[in-house]
Structure formats: structure tokens, C-alpha cells
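Heads up, the thing below is written out as C-alpha cells.
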Amino acid sequence: MVQLEHILIPGLVVALASCRGHDGTGEPGPYEPDRPVIYQLVVRHFGNTRGTNVRDGDMAENGVGKFEHIDATALSSLRQLGVTHIWLTGVLQQATHTDHSAHGQPADDPDVLKGKAGSFYAVRDYFDVCPDYALDPGRRMEEFEALVARIHAAGMKVVIDLVPNHVARTYHSDVRPDLDFGAGDDTSVFFSPHNSFFYLVDPPGQALSLPAPVHWSRPEGADGTLETEDGDGDPPGDVPRATGNNQTAVVLTENDWYETVKLNWGYDFVSGEASFDPVPGTWIRMDAVIAHWQDKGVDGFRCDFAHWVPIQAWEYLVGASRARDPDAFFFAEAYESADAPPVFSLPNLVAAGFDAVYDDRVTDTLKAVTCCGGRASDLDAVLPGDLMFDRTLRYGENHDERRLASPVVPGDDPDASGMGSATAAKPLVGTLFLSSSGPILVYNGQEVGETGAGDEGFGGEDGRTSIFDYWTVPRLALWVSGYAYDGSMLDPEGRALREWYARLIALARRPGFASGNFYSLQSANTDRPGYTSGQYIYSFLRYDTTRGAIWLVVSNHSDTSHHFDLFVSREPLEFIGVDPDRGTLTLTDAMDEGAATVIVRAEDAQERGIEMTLSPYELRVYALSLEDP
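With this note's numbering applied, the sequence shown corresponds to residues 802 to 1430, in that order.
Here it is in C-alpha cells:
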């Protein structure tokens, strides 16, 4: 793990790191930082170019992506984009309405499904992959292993989902039945540290009641019950279990995670009782899951809803995985949560071994400027400092978020809104990626302006790309361009956007962004004319003086142009190594090679400011060179 020194100064975060880097060939070099760039690739969608997009269509109607579609050409294009890690989202075998009986996975009970395809996060067998994605479902694991080998050959690493909080209600492993969750459980008690699940035994004889969602018609045969949880004693031990979203009622609603059951990690989420000695069986089984995939070449894991798993369990799991592979990469979907187990915090996840955790607050703060009455200056209050500066994962989109190019939805919830267009999202994404040194994430289709439009089925018309339904992602399919992966079928705007993302990612991986320090210029400029009082303009310095890298970033988060003088006060000038009384700054636009170079005396930067005009939704990134006579 990277060794860090941390200093916190008002207005300045310093995080000095000893890093590897890149020499311009895409391979690590001795002088530049090595910053993970994660591409969230949804196998179900990535290679699906069918384009029919029938609401609630099955696999035969709407098509599905295959492991084979992610070929050497696709991987080369992703590598050129700047990707270092590919997160193969949804590859684990999930509960589904699609019948693969001939290959060991019959269709699941329709009462416990969300969508014809099924939720990626209702895992039916932790040790297997989804047969949908194989040309020959009977040889699906061989096809997955071949994909892992192709990714490695392209110079990138493989990440898959680890879903530790819950499993599908129909979970059963055909690959490792000896490690089935629930095998040997005492179903007469709600909680035992030796059980895999929580059993709803009070009052006895209860039956699980499953909802009929208003917006989605369940497949034929649904009756609101599940034989294995109807409490009638047939089969023995058919007791209802707590649901994945900590629900202990037996009558569930469409807003519950009714397709899943909560896993028991030795911590009773109702009473707070915990017992971790001896090591709970769930810990041992999940470690075997991780070892299984590491043995197949998987390099890392994106850990779903990690804040509902005890920190002690993460210490055990990450430690055991790193004993097998010292470079195993872990990042967590986690949020500060009042109902998390004791001693949980985002820094404690990092202390437990995680390389990075989601930075949801920063994303929401920037989105709020467009949708929800927020101010760009609000960012200063939520930017992580100290240990978390380079351990937060920055993203504008993922499968849980609305697409950035989807419509603006005014209100008080940034998660419910898009940015209105891919252009409007540029200053948000640029500020996210350039204001920290941690890993960054791009969701497939984001780089070509996917809008998330369409009523897919269970996913509905919500500005997201459904994780429940078979669907073609339209703009992503145009970039795939008949599996040429060259964007030849995409419009010029989409191709230009992808090139913009490539330039941004390349900058984000350079010294001063992937390493070094941060200094906000907001407080010195908020009251200056034309700066919008910090409403829409945000500016900061990034610098790594040990590598001679100094950058100025200014962004306009509004749909109008703004003209102002940007003041750089004495203190940051001293930090970046220029004499405030004699030095000269040369500013070269790093995003626009045709832009004129700006030269300004340090004394003028303090007193008169640097004259700037920013177009609507413009991100300006300057490389600074210094002269001190």
C-alpha cells in the first residue's frame, strides 16, 4: 500500500505519496504516479447491439452482451481511453426468469425476481457466472476465464462484484454445495453467530408475503409466496428470513429488497449483539468465494453496501486475500450510516485494508449546483483531507446513479437528477477527477453521452440504465459500431466527448493530480466581481513540486459565460514555489492546444488577478510554469 504523509492547513490539503507511474506508453514508469482508472463494464449491456428494446423483453427479444464481445479490439480501445481496471459488473450468477435448465440454472420463482433478466445483486451462486453471457452456457466458466486472460494481455486488471450483505432468496451453489449459505443453520432462532441468515420465528408459523409491484407485472406463475419461506413445515425449516435491506417484517413492499435475504456476519443488526470468536461461518464461506475468484485471475473486488458488514470481518477478508495476492485491489460502495455496525466509518474501512471508498458527498454537492440550489463553494466543506484524500473513489455515474446526460430534476435530492446534457456534466466530472488523487470511475456509456432514456421494464423510466432488464444502451451500441469499437456509427458530438474524456483521464493520471497537493482558491475569490459569489465558479491549484508539476483548474457550472479576474494570493504562490514579489507565471491550456498562452507576474496575480472568460459549462485546466528572476 502507498505510504503517505499528511498535513492539513486551512484551505489546503497536502497528501504526498510515493507512487509508480507512466512513461507515455501506457506502462508504469519511474517518475509518474500510477492512479487507478476503473471502467464499469456491464457485460449484459456492453456488447448488446440488438436495438429492439421491447419493454420487459426477454433475452431472445432484446439480446444480451457476451463475454466474447469484449474482444482484443474493445480492450485496446479501453486501454487507449486510459483505463487500468475493468469492473465486470453483474458477472456472478444471478436469479433470473431466463431458463437455463439444460446448463444447471432453471428459471427462478417469479415472485422473487426484479425484471426478466434479474438483478445483478441477487446472487444465486457466488461460485459461478451468469450463463446468459456465454456463447456455450455449458462452458461459461471457460469463456469467463478466457476474458480474464484477454484483459490481462491488454495490460489491465479485472475487478468483479462482491455482494456481502445479501444473496438471492433462491441462493444455492451447484459449484460448491458444501459451502452453501444456510446449510446447517438453526432455524428456530432469529440470530445465532453460527447461522448464515436471520430467521423470523416470532411469532412462529409466519409466511413470507411478496409484493406485486405497481409498475411491473411479474411473470406468469407468481402468487406472492415462496415455498421455502411459507412456514408450513414443508420442506422442514421453511422459515421466513430477514430481507437484504434489514427488513424483519414478513409482508414486504415493492420498495424492499424483497428478492434478497440478509447475510449474518455474527452481528445482530436488531439488538447490536456481536460474536466474532470463533470466526463465524459466513466469514469463512466468503473468504472461500474470494479465493475462488482470485484463483481464476481476478485482481480485485468492488464490495457492495460494505458499510453493513462489520469492520472486523473486512479486516479478516482483506487480510486473507492479500496473503494470497499482495496486490489485491478492494474498493467499497459505502456511506456514512447510522445503522452500520459499531466502529464503522469510511476511514476505518481504509484502515481495514480498502484501497478506496465511494465519495458520494462530493458528487452530490457538485450535482446540487445544477439541480438543487447548491453552490460550487459548498465543495470546500466536503472535500476529504488527510488519509482519505487519495482513498476516495470519484465518479459522476455508476449503475445506481442517474445518467449525467439525463434531464435535470429540480428538488432537494441530487441523486434524483441528471445534469441535462453531457456538456453540462463536463465541469462536474473534471472537478471530481482533478480535485483528488484517488481512483476514478467511468461507467460504460458515460464517455459517449448516454442519457438513460427508455422504460426498460422493472427499471422503468428513471434516467438510469437498468440493472434488472435486457436492454441495448443506444449510444454505447453506436460506439461499439458493429464490434469495430471505433465509434464510426456515433455522431460527431459523441466521438468528441469520448476524446474529451481521454484527455481528462490522461491529465488526471499525471503528477500533481495523481499525486501531490490541493489548494482551494474559493475563499480568495468569492467576493470578487464576476465570480458569481461562488455559486457557479470553482477554482483550485494542484501541485507536486517534487516532480515539477503545477496546475490551475477553473470550472463554470452554469449555462452562461462568466468574465472575472481570478486572484491567487501570496500563500498559495509560496506553496507552489514562486517568489510572490518577483516571480512570473506562464499558463498553458492543457485541454485546448490552440488556446493562447497567458503570462502574468505573481504580483499582478495577487493584486489585479488573472483575467478569465469561461464559456457555459467550461472546464479550464492550465499547466503552470514558473520563472523567478
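The C-beta atom is built at its ideal place from N, Cα and C for all residues, glycine as well.
- Counting C-beta pairs closer than 8 Å gives three or more between the region 908 to 922 and the region 960 to 974, which meets the contact rule.
- Counting the other Cβ atoms within 10 Å of the Cβ of N1056 gives fewer than 16, which makes it exposed.
- Here the alpha carbons of D975 and G905 stand approximately 8 Å from one another.
- Around the beta-carbon of H1364, fewer than 16 other beta-carbon atoms lie within 10 Å, marking it exposed.
- Check the Cα spacing between E1257 and each of V1243, W1272, V913: the tightest is with W1272.
- Shown here, T1083 sits in a helix according to DSSP, grouped into three states.
- Excluding its 5 nearest sequence neighbours in each direction, A1225 has C-beta neighbours in its own chain below 6 Å: Y1418, listed in chain order.
- No Cβ-Cβ contact shorter than 9 Å links A1043 with P1143.
- Of the other Cβ atoms in all chains shown, 16 or more fall within 10 Å of the Cβ of G1410; this residue is therefore buried.
- Shortest Cα-Cα distance from A1424 to any of D1328, P1381, Y1344 involves Y1344.
- Rounded to the nearest whole angstrom, the CA to CA distance from R1204 to S1018 is 25 Å.
- The region 1275 to 1282 and the region 1295 to 1305 touch, with no fewer than 3 CB-CB distances between them shorter than 8 Å.
- In the three-state DSSP reduction, V1369 falls in the coil class, being neither helix nor strand.
- The beta carbon of R1176 sits closer than 6 Å to the beta carbons of G1335, Q1336 from its chain, once the five residues preceding and following it are set aside; these are given in chain order.
- Judged by DSSP in its simplified three-state form, Y1302 adopts helix.
- When secondary structure is reduced to three states using DSSP, S1416 falls in the coil class, being assigned neither helix nor strand.
- Every beta strand (DSSP E) of 3 residues or more that sits fully in the region 1119 to 1178 is shown, in chain order, as 1130 to 1133, 1157 to 1159.
- Between F1376 and W1352, the C-beta spacing is not below 9 Å.
- Two segments are said to touch when three or more pairs of C-beta atoms, one from each, lie closer than 8 Å; by this definition the region 891 to 905 does not touch the region 1305 to 1314.
- When secondary structure is reduced to three states using DSSP, Y1117 falls in the helix class.
- Membership of H886 in any alpha helix (DSSP H) is not indicated; the residue belongs instead to the beta strand (DSSP E) covering 886 to 890.
- If you check the CB distance, M1220 and S1238 do not come in under 9 Å.
- Taken through DSSP and simplified to helix, strand or coil, N1245 comes out as coil.
- Membership of D962 in the beta strand (DSSP E) is indicated by the continuous run 958 to 963.
- Contact between the region 870 to 889 and the region 945 to 953 is present: 3 or more CB-CB pairs across the two stretches fall below 8 Å.
- When Cβ pairs closer than 8 Å are counted between the two stretches, the region 998 to 1015 is seen to touch the region 1024 to 1039, the count reaching three or more.
- G1073 sits away from H995, with the two beta carbons spaced by 9 Å or more.
- No Cβ-Cβ contact shorter than 9 Å links F1132 with S1236.
- Here L1420 is not near S1362, since their CB atoms are 9 Å or more apart.
- Linking V1183 to T1164 through their CA atoms gives a straight-line distance of about 10 Å.
- In this structure the region 1113 to 1126 lies against the region 1089 to 1100, because at least three pairs of beta carbons, one per stretch, are closer than 8 Å.
- One Cα belongs to L1291, the other to T988, and the distance between them is close to 56 Å.
- Counting only runs of at least 4 residues, the region 1015 to 1068 fully encloses no alpha helix (DSSP H) element at all.
- In this structure, DSSP gives G1101 an extended state, which the three-state scheme calls strand.
- The residue from P1014, T1389, G1025, F1155 with its alpha-carbon nearest to that of P1240 is F1155.
- Under the criterion of beta carbons closer than 8 Å, L876 and M957 qualify as touching, at roughly 7 Å.
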